[in-house]
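Colleague:
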Amino acid sequence: MATLDEAHQGGPCVHPLSDCECRPPAALLQQLSYLDFSSHRHEALSLPANSATRGDVLSDLATVYDDNAATGWTANQTPTLGLPTWTGRAQAYPAAAGTADRNPAGGAGWQTVTKTTYDTAAAKLGRPLTVSDAAGNTTTTSYTPAAAGPLQVTVVTEPKLASNGQQHKSYSYTDLRGSTVRSIDANMASTFNTYDGLGRVTATWLPNRGQSQSPNAKYDYLLERGKQPWTSVSTLTADGTTYKTVYTIADALLRPLQTQTPSPNGGRILTDTRYDSRGLAYESYADIWDKDKGPEGVYARAEYGSTPSQTATVFDGLGRPVTSSLLVYGVQKQSTTTSYTGDSTATTAVQGGTATRTITDALGRTVETRTYSGTTPNDLAYGGTAPGTPYTSVKQTYTVDGKQATTTGPDNAKWTYGYDLFGRATTAADPDKGTGTTTYTALDQIATTKDSRNTVLEYAYDEVGRKTGLWKSPKSDASQLAAWTYDSVRKGAPTASTRYEGGLTGKAYTKSVTAYDTLGRPTTTRLTLPSDDPLVTSGAIAATTDHTMTYRLDGTANTVAAPAAAGLPAETLQVNYDNFGLPKGLSGTTDYVQDVAYSPIGEIEQLTLARSAAAGVRKTFIGNTYEDGTRRLLKSTVNDQTHNGMLQELTYNYDQAGNVLSVFDSAPLSGFTKADNQCFTYDAQRRLTEAWTPKTADCAVSGRTAANLDGAAPYWNSYTYTASGQRATEKTNTGTPQTRTYCYDPARPHAVAATTTGATCTGITPQYTYDATGNTTKRAETPGSATSQTLNWGPEGKLTKTTEGATATDYVYDADGELLIRRDPVGETVLYAGSNEVHLKGAKKWAVRSYSIAAVKVGVLTNESGTAKLSFVAADAHGTSSLTISADDTQAVSKRYTTPFGSARGPAAANWPDDKRFLDKPEDTGTNLTHVGAREYDPALGQFISVDPALSLDQHQSLNGYSYANNSPLTFSDPTGLESCGGYGYCGGGGTNGEYIEDVDDDDDGGGGGGGGGGGGGGGAGKQGGNGGSGNKPGPFVSVITPLPYIPPTIAAPEYAKERACQFDPVLSCNPEDAVHGGQNNGSVTMVGFLWAMGALSPKMTYGEDSQVARDVMKSDLTAAHRNEIGQLFYGKGQRSGELTSNSIGEKDAAGQSSQLREDLTAIATHDDAKLATAVLGSYTANYEILREGVNGVQARITITNGMTVSSFAHAKTGYGTPADKFLQKNVDHVGVLGHGKGQAMTIVFRVVIPRNYNYGGPKK
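Add 1146 to the 1-based position in the sequence shown for my numbering, that's all there is to it.
#1: In three-state DSSP terms, what is Val2391?
#2: For Val2002 and Ser2032, what's the separation of their Cα atoms in angstroms?
#3: Measure from the alpha carbon of Pro1620 to the alpha carbon of each residue in Val1602, Ala2086, Leu1403, then state which is nearest.
#4: Find out if the Cβ-Cβ distance for the pair Asp2120, Val2078 is shorter than 8 Å.
#5: Tell me, please, whether the segment 1591-1609 touches the segment 1902-1919 by the rule of three or more beta-carbon pairs shorter than 8 Å.
#6: Out of curiosity, what's the CA-to-CA distance linking Ile2390 and Ser1470?
#7: Of the choices Val2006, Phe2090, Asn2074, whose alpha-carbon is the least far from that of Asp2057?
#8: Please classify Ser1745: does DSSP put it in a helix, a strand, or coil?
#9: Closest to Pro2085 by CA distance: which of Ser2098, Lys1947, Arg1873 is it?
#10: Exposed or buried, what is Met1106 when buried is set at 16 or more other beta-carbons lying within 10 Å of its beta-carbon?
#11: Using a Cβ-based criterion (distance less than 7 Å to any ligand heavy atom), does Gly1443 qualify as near the ligand FAD?
#12: Straight-line CA distance for Leu1322 to Val1721?
#13: Of the choices Leu1681, Leu2097, Trp1232, Tyr1565, whose alpha-carbon is the least far from that of Ala1215?
#14: Assuming Ala2021 is part of the beta strand (DSSP E), what are its boundary residues?
#15: Confirm, please, whether the CB-CB distance from Asn1770 to Glu1751 is below 8 Å.
#16: Which of the three DSSP states is assigned to Ala1254 in this structure?
#17: Would you report the Cα separation of Gly1647 and Thr1585, rounded to the nearest angstrom?
#18: Under the assumption that Thr1506 contacts Val1540 (Cβ atoms under 8 Å), give the Cβ distance between them as a whole number of angstroms.
#19: Is Ala1900 near Thr1911, with beta carbons less than 8 Å apart?
#20: Looking at Tyr1341 and Arg1328, is the spacing between their C-beta atoms short of 8 Å?
#21: When you compare the CB positions of Thr1417 and Tyr1431, do they come within less than 8 Å of one another, or not?
#22: Which residues mark the beginning and the end of the alpha helix (DSSP H) in which Arg2269 is found?
#23: Since Asn1411 contacts Pro1746 with CB under 8 Å, what's their CB separation in whole angstroms?
#24: Between which residues of its own chain and Asp1433 is the CB-CB distance below 6 Å, once the five residues before and five after are set aside?
#25: Determine the contact status of Gly1727 and Thr1383, defining contact as a CB-CB distance below 8 Å.
#26: Who are the Cβ neighbours of Leu2105 in its own chain at under 6 Å, not counting the five residues just before and after it?
#27: Return yes when the Cβ of Gly1443 is within less than 8 Å of the Cβ of Ser1378, no when it is not.
#28: As an exercise, report each continuous beta strand (DSSP E) stretch of at least 3 residues that is fully enclosed by the segment 1348-1374, in chain order.
#29: Considering only the alpha carbon of each residue, which of Val1763, Gly1804, Thr2287, Pro2053 lies closest to Leu1779?
#30: Thinking C-beta only, is Leu1426 closer than 8 Å to Gly1465?
#31: Any idea if Ser2253 is buried or exposed, counting beta-carbon neighbours within 10 angstroms, 16 or more meaning buried?
#32: Nearest CA to the CA of Tyr1772: which residue from Gly1713, Asn1799, Val2394?
#33: Give me the residue from Pro1640, Thr1674, Gln1626 with the minimum Cα distance to Gly1652.
#34: Assign Thr1226 to one of two classes, buried (16 or more other C-beta atoms within 10 Å of its C-beta) or exposed (fewer than that).
#35: How big is the Cα-Cα spacing for Phe1568 and Thr1562?
#36: Whole angstroms are fine: how far does the CA of Trp1862 sit from the CA of Gln1884?
Right, dumping it as C-alpha cells:
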C-alpha cells in the first residue's frame, strides 16, 4: 500500500490526510543503469506545507552518497556505490521568503552529523573505515582479512583523547557465522563465547576465567519433536565448580509457559502461564515452592487452589483485558475491571484505591488522565450516572511532531515545553521553578543550562562523550564547580571526581578509584580532603582514606575494608554466604550477624545478631513474616535473650490497595514500656487524613476520641489537602485541640507561605519565602515559630548554608551532588564517608560505623562516649530505626517513636548511636531538616523545601513539587527525594514503583533468536546471559557506558540494582515512560485491514506498543531487518536517529511488483508472522531514535508511517502512476467507496532492544 507521499514524488506534500504534519518525499531520484536510487533528504513540516515558502520546519535531514568531500547536501548527486558518506541536518535557511526551494543557506546552513569513509578503494566491500562526528572525532575500524573473505577480526579504535593522549582499541574475533567468539577490550581483557551447531551460544568466559576453567555461564536448549521446548541459563557459583540453573519452558507454540528457579531453601520456585484458544494468557501462577525437586526442563503444572499467588484475566472479543483478579490458594483476594470507549480506557480500583481513566486523542496519545475519588470511574462524560464520581485531572498537549507541549495539573497549574529544530528540549516553564533553558553542543550534549535565577552552568566533555567539567558561567578557573577524569587506572573507566569550593584553586574534595579488578569493578576507592580542613587538622580523619573491596567468583562481595577514623580502628568485614549465594553472616573485629534465614523465595525471615557465636553470648533476633499473594510485610518482631517477651512486635494491617490501616506494637510483653497502637485513615485520593493511638488495638471510629488515646507516645493528628495535593490544614487533637491552616500565595500556589492557627490566611505575614526556582530562602524553624532561618542555595540547586541568628550550618557535596560534609550551628561537623560517619565538635571527635547485610542495617558502632560501643538496630518497614539493643550481655534497650511524616513523638531516646532517623537519613537537629536523597525535607511540614527535580505525570498528588510521598507516608516512600514509590514493595530505578527485575520477552527486547544479552553474542537467553563479549565498540556518537559498581542483589538497594542492570541491558522496563500507547482497540494487523475495508477506521491512528498491530509488526522480518540496520547505523556510524530502509512497491519493475503481490497474498493467506506485516503495510517509511544505551546493546524507538487507501489496494489492477491510479488518488482515496476504504494515515510506534552484536540473516525461507 502506498505511503501518503508516494503519489506526490517531486511535488508539494498536499495529501488531504496530512492536516497536521507533512513529510515530503525524497528530494531527488538518480536514474542509474541498474537501479533507482534516492539521494536522501527528509523534511518534516507543519502545515501549510508549501515547498515555496519557509513554513514551519520540524526536521530536515539529508544524506550524501559516494562523495568524501561533501560538506553539505546538494541535489546534484550521481551515486555510484550508494554508500552514505555524509549525513547532516539543516540549521539555517535563507533570510528571504518565497525561494524556489527550502534549501539551507550555503555550507553553513547544514550541520554535519557524520562523515564516513569505506574500504572501497581495494576491497570494495562497503565496510566503514572511519566515522567522524560533528566535532571531528574519528572512530577507525579495520578488518581482517582486508579483502574479500569471511571476516575474522574487527579492530575498533576510538578517537584520541586530548586529556591523556590515549586511543582505546577493542578487538572482536568472529567465526564463519559472524558470531563473536572472542572480544578484547581496551584493557586487553578477553571474553570468550562458544556456540553449538545452530549458532546458539553455549558458554561464556568472562575476563576473570580462562577457557581451561569452568565458564562463568552456560546455556542449553531443547527443541525436539515430542518434547517440551526449554532453554536454561547456568551461572557459576563462588566455589568455581557448581552452577545455579534457571529453566524457561515453552509450549508447542514457543510461548513462555513456565520458569523454574532454585530456591534458597532447597527445591525450586515455579511460575506457570495458561493460554486460551486465542493465545491470550488468562492465568498466571507465581511463588510456587516445590521443596522436593530442583529446577529441570520438565513442565510441572500448577494446581489450582494450591498456589500462593495466582492472577486470572478475562478478555473481551478484541483480546483486551476486562477483568483482572488476584487469587491466593484459589480464593479471590481482589479484582479490578477495565472498560473501553473510543477514546478512553477506565479501570476500577480495589478497596482503598482510586479508579483511573486514560483519555487519548486521535493519534493514540494520552491527553488526559483522571484519578477518581473512589473505586469506580463513574463519569457523566462517559455514560455514568449522576452525580458521578469526583476526580482530579492532568491534561497534556503536544507539538505538531508529537513532543509534549504542555501539562496542566489538578489545580490548573501549567508546565510548558519548547524545542529547537533538532527536536531537543530547550525551554521548560514550571509554575514553581520558573523557566529554564538548555543549549546543546553539535553532538547533542548539554552545553549550558540556565535557571530562572539567571544562573548559567556550563559543561565540558571529552572526545568520547564523558562529562569532564562543570562551571558556573562565565567559565573560568575561579568558577569551576566540579571535574571528572578517566582512564589513568583503567582505560574507559572513571578515575576521579572532584568538587571545588572556591574554584580550581580553592578547596578540593575528591573521590577516586585507585584499583579495579579484571571485570572492571572498583576494588579500592579513595576519599581525599583538603589538608587544611578542620576534620583533617584535628586528627579526626586522615586527608586521604581508602576503602577496599574484594569479590567472590560469583560477583558477590567477599570483604569490605573501612579505614580508621576518629579513634575507631580500621576494620575488614567478611561476608559469609550459603550455597545459594545469599549472605548468611557478617564479621569483622567481632561478629555482627550469626545467621540469616530466608523464605523459599528469598525474603529475610530472621536475623540472628550477636558479637560471637560462643556459648553464653546473648543474641538478638529480628523476624519477619509476609502475606501470601502480595508479599507485604505482616509482622516484624525483635526479641533477645535477656527480656521476657518481645522488645518490638510491629503488626501491619492493610486494605486491598495496600494502604496501611494500622501498625500495632504490643511491646509491653517485655515489661518495660506501654504498647504503641497506631491507626490510620485516608481520603479518596489515598492521602493520610487521620493518625491516632488508641488505648487498645482497635481502630473503630467510635474509639477515635481524646479520652481513648494512650500508649507509649500518644498522638492524634488530622490532615486535609488542597486540590494540588498540598497540606491545607493540620489538627492536633491531644491536649487543647489546635488547627493549623497552611497559607499559599496565588502567585506561587504550591509553596507554603505561612501557617496560622487563626480562622483565615488574610493578612498573614509570610513566614516562608522562595527564590525564582522555588527553593526556600526563609523558613520558620518549626511551623508557627517566630524564630526564622535564612537558606542559601548553590548554582546547582543544592542547599549550601542555613543561618539562624548568629549560627550557620554549611553543606559540602561531592562532584555528583551527594552530601559529604555538614557543619551545624552547635559547632559539630559531620563527614559522611561510606560506612564511616566522622564527627567533630570542638576538641571532641568520634566516629560512627554502620553495618548492613542483605540491604538491612543491623548494627551501629560508635565511640562518642570515649569507648567503642556496638548496638544492634531494628527498623520499621521504611527503614526508620526505632530500637537499639546493646551488643553486650546487658542488652540494654533504647526505643523511640516517629509520626508518619517523620517527626519525633513521645519521650526522647537516650544515647541513640547515630544521627539517622526518618528513612534512616541524616537528621540535622540544629535546623530540623532531614537530608533525603536529592533534597532536604521538613518533617514538621511534611514537605520538601525545594521543588521535585523529576516530574511524575502519573502521580497527580506529586505535581505540586513539594509534598512527601503523595501525602501517604505509610503506604508510599520517597527515599531518593525524586519520586514516590511503593514503601512495602520494590522501589525501582529513580524511585519508581514496581518490581525491578523483569524477564526479557524476545518479541519486545530481542532476547532470543539473534542476540539478546546472552553471552554477548549468541542470544537465546536474553539479559540473563551475563555481560558477554561485545561484537563492536561504539562509534563516535555512542557514549562510553560506565556501569555503577557491582553490589550483590541481596545487598544492593532495589533501585540501585535496577539502574545498574539497565546500564548493561536497556530492556523496555528500564524506561516505561518512553512507551507510546494507542490503537489497542483495533485488533491485529489483518483486522485493521478488514476494518479499513469496512470504513470503520479513523482518518488517523497511532498504534503503540500495547496494540496488536505493533506486536504483529515487531514479530516480522521487517522489524528484524530494521533492528539489524539500526545496529549498523549506531555502532558503525554513530547515528542516533534517522530514516530506515523504506519500501516503495511503486519503484519496483513490473516483475518485482508481481512477485511482491504473490508474496503478500501468500503471507495473508497463511498468516505468516514473518511476512504478514509487510504484506498488509505494502509501501511504508520508517524512522528510528535511540532512547537508551547499555553495555550490551541499545534501546530504540521505531516509527513506521503508512497510508491505507483504495488506490494502494488497487495497484495490482491499475499499476503505479497510471491515469487510473491517479484518478483513484484524487477522487476516491479520501472518501472511499460508499464510505468503505476511506484513507487512513497509520503510524506504528514501538520500542526494540538491539544487542551490540545483533545479526539478522535475512527473511525466513
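Positions of the beta carbon are idealized from the N, C-alpha and C atoms, including for glycine.
Modeller: The short version:
#1: Here residue 2391 corresponds to residue number 1245 of the sequence shown, with the count starting at 1. For Val2391, the three-state secondary structure derived from DSSP is strand.
#2: The residue you call residue 2002 lines up with position 856 of the sequence shown. The residue you call residue 2032 lines up with position 886 of the sequence shown. For Val2002 and Ser2032, the distance between alpha carbons rounds to 18 Å.
#3: Here residue 1620 corresponds to residue number 474 of the sequence shown, with the count starting at 1. Among Val1602, Ala2086, Leu1403, the Cα nearest to that of Pro1620 is on Val1602.
#4: Residue numbering aside, residue 2120 sits at position 974 when the sequence shown is read from its first letter. Residue numbering aside, residue 2078 sits at position 932 when the sequence shown is read from its first letter. Their beta carbons are under 8 Å apart, which means Asp2120 touches Val2078 by this criterion.
#5: yes
#6: By one-based count along the sequence shown, residue 2390 stands at place 1244. By one-based count along the sequence shown, residue 1470 stands at place 324. So the two alpha carbons sit approximately 27 Å from each other.
#7: Here residue 2057 is taken as the residue at index 911 of the sequence shown, counted from 1. Note that residue 2057 is Asn in the sequence shown here, rather than Asp. Ranking Val2006, Phe2090, Asn2074 by Cα distance to Asn2057 puts Val2006 first.
#8: By 1-based counting over the sequence shown, the position of residue 1745 is 599. Correct three-state label for Ser1745: coil.
#9: To locate residue 2085, count along the sequence shown from 1; it is residue 939. With distances taken between Cα atoms, Pro2085 lies closest to Arg1873.
#10: What is shown of the chain runs 1147 to 2407, which leaves residue 1106 out entirely.
#11: Because no ligand of any kind appears in the structure shown, any question about the ligand FAD cannot be addressed here.
#12: Within the sequence shown, the letter at position 176 stands for residue 1322. Within the sequence shown, the letter at position 575 stands for residue 1721. C-alpha separation (whole angstroms): 45 Å.
#13: Here residue 1215 is taken as the residue at index 69 of the sequence shown, counted from 1. Checked all of Leu1681, Leu2097, Trp1232, Tyr1565; the closest Cα to Ala1215 is Trp1232.
#14: If you number the sequence shown from 1, residue 2021 lands on position 875. Looking at the DSSP string, the run of the beta strand (DSSP E) that includes Ala2021 is 2015-2021.
#15: If you number the sequence shown from 1, residue 1751 lands on position 605. If you number the sequence shown from 1, residue 1770 lands on position 624. Against a cut-off of 8 Å, the Cβ pair of Asn1770 and Glu1751 comes out as a contact.
#16: Along the sequence shown, one-based indexing puts residue 1254 at 108. Reduced to three states, the DSSP call for Ala1254 is helix.
#17: On the sequence shown, residue 1647 is found 501 positions in, with the first residue counted as 1. On the sequence shown, residue 1585 is found 439 positions in, with the first residue counted as 1. Reading off the sequence shown, one finds Glu at residue 1647, where the question assumed Gly. If I take the Cα positions, the gap works out to 26 Å.
#18: The residue you call residue 1506 lines up with position 360 of the sequence shown. The residue you call residue 1540 lines up with position 394 of the sequence shown. Your pair Thr1506 and Val1540 does not check out as a contact, with CB atoms roughly 14 Å apart and the cut at 8 Å.
#19: For the purposes of this step, residue 1900 is taken as the residue at position 754 of the sequence shown. For the purposes of this step, residue 1911 is taken as the residue at position 765 of the sequence shown. Result yes, Cβ atoms of Ala1900 and Thr1911 sit closer than 8 Å.
#20: Within the sequence shown, numbered from 1, the residue matching residue 1328 stands at position 182. Within the sequence shown, numbered from 1, the residue matching residue 1341 stands at position 195. Result no, Cβ atoms of Arg1328 and Tyr1341 do not sit closer than 8 Å.
#21: Position 271 of the sequence shown holds residue 1417. Position 285 of the sequence shown holds residue 1431. Their beta carbons are under 8 Å apart, which means Thr1417 touches Tyr1431 by this criterion.
#22: The residue given as residue 2269 occupies position 1123 in the sequence shown. Counting along the chain, the alpha helix (DSSP H) containing Arg2269 begins and ends at 2263-2273.
#23: On the sequence shown, residue 1411 is found 265 positions in, with the first residue counted as 1. On the sequence shown, residue 1746 is found 600 positions in, with the first residue counted as 1. Their Cβ separation, rounded to whole angstroms, is 5 Å, which keeps Asn1411 and Pro1746 in contact under 8 Å.
#24: Taking the sequence shown and counting its residues from 1, one reaches residue 1433 at position 287. The beta carbon of Asp1433 is closer than 6 Å to those of Pro1454, Ser1455, Ile1747 in its chain, skipping five residues each way along the sequence.
#25: On the sequence shown, position 581 is the one that residue 1727 refers to. On the sequence shown, position 237 is the one that residue 1383 refers to. Yes, Cβ-Cβ distance for Gly1727 and Thr1383 is below 8 Å.
#26: By 1-based counting over the sequence shown, the position of residue 2105 is 959. Residues of the same chain with a CB within less than 6 Å of the CB of Leu2105, apart from the 5 flanking positions on each side, are Gly1555 in chain order.
#27: Residue mapping note: residue 1378 aligns to position 232 of the sequence shown, counting from 1. Residue mapping note: residue 1443 aligns to position 297 of the sequence shown, counting from 1. Against a cut-off of 8 Å, the Cβ pair of Gly1443 and Ser1378 comes out as a contact.
#28: 1363-1368
#29: Numbered from its first residue, the sequence shown carries residue 1779 at position 633. Ranking the options by Cα distance to Leu1779, first place goes to Gly1804.
#30: The sequence position of residue 1465 within the sequence shown is 319, counting from 1. The sequence position of residue 1426 within the sequence shown is 280, counting from 1. The answer is yes: Cβ separation under 8 Å.
#31: Here residue 2253 is taken as the residue at index 1107 of the sequence shown, counted from 1. The residue in question, Ser2253, is buried, as its Cβ has 16 or more Cβ neighbours within 10 Å.
#32: Translated into positions along the sequence shown, residue 1772 becomes position 626. Checking every option, the nearest Cα to that of Tyr1772 belongs to Asn1799.
#33: Along the sequence shown, read from residue 1 onward, the residue named residue 1652 stands at position 506. If we check each option's Cα against that of Gly1652, Gln1626 comes out closest.
#34: The residue given as residue 1226 occupies position 80 in the sequence shown. Counting every other CB atom within 10 Å of its CB across the protein chains shown gives Thr1226 a total below 16, marking it as exposed.
#35: Here the question's residue 1568 lines up with position 422 in the sequence shown. Here the question's residue 1562 lines up with position 416 in the sequence shown. Cα to Cα, Phe1568 sits roughly 18 Å from Thr1562.
#36: If you number the sequence shown from 1, residue 1884 lands on position 738. If you number the sequence shown from 1, residue 1862 lands on position 716. Taking the straight line joining both Cα atoms gives about 11 Å.
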